[in-house]
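Per our numbering, the sequence shown starts with residue 148, numbered consecutively. I have placed the structure first, in the form of structure tokens, so that the comments after it can refer back to it.
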Amino acid sequence: MPPLHKRSNMSLVIPFVVLALVFAVLIWGKYKTSRMVKPTPPVQQPAGQHTAVLFFIDEGGRLVREGRQMEACSGTEVCMKAVLDELFNGPVGELDEALPEGTALKGVQVVGDMAVVDLSRDFSEEAVSGSSAEMAAVYSIVNTVCVNFPSVSKVKLNIEGDEKAVLKHLDLSDPLAPDFSLEQSPAPLPADPAASSPKNDARKGTK
Numbered sequence: 148m149p150p151l152h153k154r155s156n157m158s159l160v161i162p163f164v165v166l167a168l169v170f171a172v173l174i175w176g177k178y179k180t181s182r183m184v185k186p187t188p189p190v191q192q193p194a195g196q197h198t199a200v201l202f203f204i205d206e207g208g209r210l211v212r213e214g215r216q217m218e219a220c221s222g223t224e225v226c227m228k229a230v231l232d233e234l235f236n237g238p239v240g241e242l243d244e245a246l247p248e249g250t251a252l253k254g255v256q257v258v259g260d261m262a263v264v265d266l267s268r269d270f271s272e273e274a275v276s277g278s279s280a281e282m283a284a285v286y287s288i289v290n291t292v293c294v295n296f297p298s299v300s301k302v303k304l305n306i307e308g309d310e311k312a313v314l315k316h317l318d319l320s321d322p323l324a325p326d327f328s329l330e331q332s333p334a335p336l337p338a339d340p341a342a343s344s345p346k347n348d349a350r351k352g353t354k
């Protein structure tokens, strides 16, 4: 029978050995983990965007272009509807909306080089009185479509499916080509200060 003190020593040593082994396994695991090359998580690329050109009006009733960031889309009709939805949502800056209040987009169809845009009845019933206001409302749509979709050269506007719709001053029976003469004229460039400087003026009879 082994001495009592030796058995006591063994009972104290064994837990320490087990604990040391546990720590050794943990440390080795962490070491291996730190040495492993971690795969780089894939970077999510932002969805493609493009800038659409929308036509609103200024205080004088002239058409003015406003850029709008748009999400990428596929299909001419789908993209055209998205652009027109933005137009119908109104401007984000200081410009005014050219469309009559309550006008809604009913549908869009592309036939060859022509876009057919169907509008709600509010487009005719809520139109601001005056030929200039009607022109601005009509060509805010026509110009927006043709500028953003170069393959489209003309736009047919229907009202609730009516292909022979007539406003108070405009006949919408025929397709319309864009009219950029309705846009606001660009501001004149500032004069060159040097050109009007007194020292550059030719003064006859002086030395």
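Glycine is no exception: its CB is placed at the ideal position from the N, C-alpha and C atoms. Remember, it's a predicted structure, so these values are computed and weren't measured experimentally.
Which word fits residue i, buried or exposed, when buried means at least 16 other C-beta atoms lie within 10 angstroms of its C-beta?
| i | result |
| --- | --- |
| glutamate 310 | exposed |
| aspartate 205 | exposed |
| aspartate 265 | buried |
| aspartate 339 | Only weak support is given to the placement of aspartate 339: the predicted model assigns it a pLDDT of 49, under 50, and the question is left unresolved by the model. |
| serine 328 | exposed |
| alanine 356 | This structure does not reach residue 356, given that the chain is present from 148 up to 354, and the question cannot be answered. |
| threonine 198 | exposed |
| serine 320 | exposed |
| serine 278 | exposed |
| valine 211 | buried |
| alanine 312 | buried |
| glutamate 241 | exposed |
Helix, strand or coil, according to DSSP, for residue i in the structure here?
| i | result |
| --- | --- |
| phenylalanine 296 | coil |
| valine 239 | coil |
| leucine 314 | coil |
| aspartate 265 | strand |
| glutamate 233 | helix |
| glutamate 218 | strand |
Measure how close the beta-carbons of residue i and residue j come, nearest whole angstrom, since I'm counting them as under 8 Å.
| i | j | result |
| --- | --- | --- |
| isoleucine 260 | serine 300 | Note on residue identity: the sequence assigns aspartate, not isoleucine, to residue 260. Going by Cβ atoms, the distance from aspartate 260 to serine 300 rounds to 5 Å, so yes, they are a contact pair. |
| leucine 317 | valine 285 | 6 Å |
| leucine 201 | arginine 215 | 5 Å |
Against chain C, does residue i count as a neighbour if the rule is that its beta carbon must be under 7 Å from one of theirs?
| i | result |
| --- | --- |
| glutamate 273 | In the displayed structure, chain C is absent; only one protein chain is listed. |
Please list, in chain order, all residues of the same chain as residue i whose beta carbon is under 7 Å from its beta carbon, the five residues on each side excluded.
| i | result |
| --- | --- |
| leucine 314 | Ser271, Ala274 and Glu281 |
| cysteine 374 | Because residue 374 is not part of the residues shown, which for the chain are 148 to 354, the question remains open. |
Excluding the 5 residues preceding and the 5 following residue i in the sequence, name in chain order all residues of the same chain whose CB lies nearer than 6 Å to its CB.
| i | result |
| --- | --- |
| lysine 228 | Val255 |
| leucine 252 | Leu231 and Phe235 |
| valine 294 | Val200 |
CA-CA distance, residue i and residue j?
| i | j | result |
| --- | --- | --- |
| proline 247 | glycine 195 | 32 Å |
| asparagine 236 | serine 298 | 24 Å |
| arginine 209 | proline 238 | 14 Å |
| glutamate 224 | glutamine 331 | 29 Å |
| isoleucine 306 | leucine 234 | 17 Å |
| arginine 323 | lysine 303 | Per the sequence presented here, residue 323 reads as leucine, with arginine not at that position. Each residue's alpha carbon lies about 6 Å from the other. |
| threonine 250 | glycine 222 | 24 Å |
| glycine 207 | phenylalanine 296 | 27 Å |
| valine 257 | serine 287 | 18 Å |
| alanine 96 | aspartate 269 | Residue 96 cannot be examined here, being either before or after the span of the chain that is shown, 148 to 354. |
| glutamate 244 | glycine 308 | 23 Å |
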